[in-house]
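J.: Right, I'll just put the structure down here and ask away after.
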Amino acid sequence: MWSPAISFEKGSLAVSGLSARQLAKEFGTPTFFIDEDHFRARAAAWARSLESHFGASAGEVYYAAKAFICIDIARWIKEEGIGIDVCTGGELAVALAGGIDPKKIEVHGNNKSLAEIDRAVSVGVKTIVIDSLYEIERVAASAAKHGVRQGVLLRLTPGVQAHTHESISTAHEDVKFGFSIASGAASAAVAQVLQHSCLELRGFHCHVGSQIFGTDSFELAATRIIALMKSVKNEHGIELPELDLGGGYAIAYLPGDVTVEPEDVLPSLSAVVKRECAAAGLALPIISIEPGRNIVGPTTFTLYEVGTVKEVLLEDGRTRRYISVDGGMSDNIRTSLYDAKYFAVLADRTSDAPSALSRVVGKHCETGDIVIRDIELPADIAPGDLLATPATGAYGRSMASNYNHVPRPPVVAIRNGKARVIVRRENEADLLALDVKE
Numbered sequence: 001m002w003s004p005a006i007s008f009e010k011g012s013l014a015v016s017g018l019s020a021r022q023l024a025k026e027f028g029t030p031t032f033f034i035d036e037d038h039f040r041a042r043a044a045a046w047a048r049s050l051e052s053h054f055g056a057s058a059g060e061v062y063y064a065a066k067a068f069i070c071i072d073i074a075r076w077i078k079e080e081g082i083g084i085d086v087c088t089g090g091e092l093a094v095a096l097a098g099g100i101d102p103k104k105i106e107v108h109g110n111n112k113s114l115a116e117i118d119r120a121v122s123v124g125v126k127t128i129v130i131d132s133l134y135e136i137e138r139v140a141a142s143a144a145k146h147g148v149r150q151g152v153l154l155r156l157t158p159g160v161q162a163h164t165h166e167s168i169s170t171a172h173e174d175v176k177f178g179f180s181i182a183s184g185a186a187s188a189a190v191a192q193v194l195q196h197s198c199l200e201l202r203g204f205h206c207h208v209g210s211q212i213f214g215t216d217s218f219e220l221a222a223t224r225i226i227a228l229m230k231s232v233k234n235e236h237g238i239e240l241p242e243l244d245l246g247g248g249y250a251i252a253y254l255p256g257d258v259t260v261e262p263e264d265v266l267p268s269l270s271a272v273v274k275r276e277c278a279a280a281g282l283a284l285p286i287i288s289i290e291p292g293r294n295i296v297g298p299t300t301f302t303l304y305e306v307g308t309v310k311e312v313l314l315e316d317g318r319t320r321r322y323i324s325v326d327g328g329m330s331d332n333i334r335t336s337l338y339d340a341k342y343f344a345v346l347a348d349r350t351s352d353a354p355s356a357l358s359r360v361v362g363k364h365c366e367t368g369d370i371v372i373r374d375i376e377l378p379a380d381i382a383p384g385d386l387l388a389t390p391a392t393g394a395y396g397r398s399m400a401s402n403y404n405h406v407p408r409p410p411v412v413a414i415r416n417g418k419a420r421v422i423v424r425r426e427n428e429a430d431l432l433a434l435d436v437k438e
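Right under this line is the structure:
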């Protein structure tokens, strides 16, 4: 569960030799700590595996910026030689500020603004993933304005029900994303794109959902999309050269969970794609993937300080300990949004106390401000203790808010026994900076 640089011995968590107590003293709490080497290793592993299983047809490993992005992360991505997918103008701005080549950038989003489209086209991004008929015309207009032929993919919904939370299942029919294959919307979109000489239809994109174990949903989606590629060849006489199969590969959040590794997924996916292309009489397309959460998620943990502890008598006669920490839903909203489950450990001392039914909660004025709904923790946890929650790299800082006007936590990168801030902690001046003062 922990990244390779993290150890937990004799009740004391350490990262690359730096103890939790040292880290809390220097950087405060709550703070996100990211193992830079582990991030880089995971990015490189996906790139190696994609190349190994698809050879000359291996495309890009696009890191999904929505998981977490900042300028330093963008620099790591550039240095590791992978690409990035962005879904807003803000994410594009950070990617460019980090020095990522626009030809390694893919642009997503179901409702890209005219300004976002124009910026993407003007800087020369490799691909824009089109999500509606309106966008076809908008991207075409921008490409004509700038005198370029813009590469595009069409995002498809192949009618696959991924076994994950409803809010992060994205490839069945009743969703806001993409063009349905079953309804004929995808075929209509193909025809409309082909009317524009300033658009280069590179192929299709599909993302079945997030936090998915197993490969069945990916394989079924690939099968249906390749069937559509065959139909396009038969109807329009063109063989689309690219297929982006998205991401969504799961990570471990709890003891006993398993993080999906590249070799757990890509061998079977490669076999299906090659088999279906051969059966359809198609050349093997360029295959790209988008493992965002899977790269950054396992590399990061959040360190909290306990503020208060109280015992609550439950209806069944049991007692639950409410352990309040100095963060909460402002730095991890996923428990409230998706009923996500997390784990925590007492990070700064050994405890021989018996375990007690506990709930880790935040400091916000919400009953739903819960970090961990149910967990057994030492019964002697008290104010001042440190708790560490692993696997918070994806969507923790990315979805963080200023609810209750709480400043968002910093992100600290650790490498070779040294820690440095890559995103600073917000302060009260930041909270007041956008107010208009007459």
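Heads up: the sequence shown begins at 1 in the UniProt record's numbering, then just goes up one per residue. Even for Gly, the Cβ is constructed at its ideal location relative to N, Cα and C. Given the structure is predicted, the values throughout are model-derived calculations rather than measurements.
What would DSSP say about LYS310, mapped onto helix, strand or coil?
T.: LYS310: strand per DSSP, three-state reduction.
J.: Please go through the UniProt domain "Orn/DAP/Arg decarboxylase 2 C-terminal" (303-393) and give each complete beta strand (DSSP E) segment of 3 or more residues, from N-terminal end onward.
T.: 319-325, 355-361, 370-378 and 386-390
J.: List the endpoints of the continuous alpha helix (DSSP H) containing GLN192.
T.: 185-193
J.: Give the range of the alpha helix (DSSP H) segment to which SER12 is assigned.
T.: No alpha helix (DSSP H) holds SER12; the beta strand (DSSP E) holding it covers 12-15.
J.: If you measure between the beta carbons of ALA382 and LEU23, is that distance less than 8 Å?
T.: Contact: no.
J.: Where do the N-terminal and C-terminal ends of the beta strand (DSSP E) with LYS103 fall, by residue?
T.: Element bounds for LYS103: n/a, residue is neither H nor E.
J.: What ranges does the alpha helix (DSSP H) occupy inside the region 177-253, keeping only unbroken runs of at least 4 residues that lie completely in it?
T.: 185-193 and 216-236
J.: To the nearest angstrom, how far is it from the Cα of ALA347 to the Cα of ALA20?
T.: 6 Å
J.: Can you tell me whether DSSP reads ALA65 as helix, strand or coil?
T.: coil
J.: By alpha-carbon positions, which one of PHE204, GLY368 and GLY90 ends up nearest to residue 443?
T.: This structure gives no information on residue 443, because the portion of the chain shown stretches from 1 to 438.
J.: Applying the criterion that 16 or more other CB atoms from any shown protein chain within 10 Å of the CB defines a buried residue, is LEU228 buried or exposed?
T.: buried
J.: Return the chain-ordered list of same chain residues with a C-beta closer than 8 Å to the C-beta of ARG149, the five sequence neighbours on each side being excluded.
T.: ALA143, SER197, CYS198, LEU199 and GLU200
J.: At a cut of 8 Å, does the region 54-67 reach the region 388-405 through at least three beta carbon pairs?
T.: yes
J.: Going along the chain, which residues of its own chain have a beta-carbon closer than 6 Å to the beta-carbon of GLY327, five neighbours each way excluded?
T.: PRO30, TYR304 and GLY362
J.: Output the distance between the C-alpha atoms of GLU60 and ALA47, rounded to the nearest integer angstrom.
T.: Straight-line Cα distance between these residues: approximately 8 Å.
J.: Return helix, strand or coil for THR299, following the three-state DSSP convention.
T.: If DSSP states are grouped into helix, strand and coil, THR299 belongs with the helices.
J.: In or out: ASP435 buried (at least 16 other Cβ within 10 Å) or exposed?
T.: exposed
J.: Between which two residues does the beta strand (DSSP E) containing ARG415 stretch?
T.: 411-415
J.: Within the 8 Å Cβ cut-off, does ILE105 reach chain C?
T.: Checking the listed chains, one finds no chain C in this structure; it contains a single protein chain.
J.: Within its chain, find whatever has a CB closer than 6 Å to the CB of SER16; leave out the 5 residues flanking it on each side and keep chain order.
T.: The answer, listed in chain order, is ALA5, ILE414 and GLY417.
J.: Return the first residue and the last residue of the alpha helix (DSSP H) that LEU92 is part of.
T.: Membership of LEU92 in the alpha helix (DSSP H) is indicated by the continuous run 89-97.
J.: Where does ILE238 land, buried or exposed, given buried means 16+ other C-beta within 10 angstroms?
T.: exposed
J.: For LEU269, which of helix, strand or coil comes out of DSSP?
T.: LEU269 falls in the helix class under three-state DSSP.
J.: Let's see if you can read the secondary structure: which residues bound the beta strand (DSSP E) around ALA419?
T.: 418-423
J.: Quick one: residues in its chain with C-beta nearer than 8 Å to the C-beta of SER180, no 5 flanking neighbours on either side, listed in chain order?
T.: Result list for SER180: LEU156, THR157, GLY159, GLU173 and ALA186, in chain order.
J.: Apart from the five residues just before and just after ASN402, which ones in its own chain have a Cβ nearer than 8 Å to its Cβ?
T.: So the qualifying residues of the chain are SER330, ARG408, GLU426 and LEU431.
J.: Tell whether a beta-carbon distance below 8 Å holds between ILE105 and GLY83.
T.: yes
J.: If you draw a straight line from the C-alpha of GLU428 to the C-alpha of SER3, how long is it?
T.: Rounded to the nearest whole angstrom, the C-alpha separation of GLU428 and SER3 is 33 Å.
J.: Give the range of the beta strand (DSSP E) segment to which ILE84 is assigned.
T.: 83-86
J.: Would you call GLU438 buried or exposed, if buried means 16 or more other Cβ atoms sit within 10 Å of its Cβ?
T.: When all chains shown are included, GLU438 counts as exposed.
J.: Who are the Cβ neighbours of LEU13 in its own chain at under 6 Å, not counting the five residues just before and after it?
T.: Within the same chain, LEU13 has close Cβ partners ALA20, ALA347 and ALA388.
J.: Report the option in PRO267, ALA182, LEU269 and GLY248 whose CA atom is closest to the CA atom of THR259.
T.: The residue with the shortest Cα to Cα distance from THR259 is GLY248.
J.: Please classify LEU153: does DSSP put it in a helix, a strand, or coil?
T.: strand
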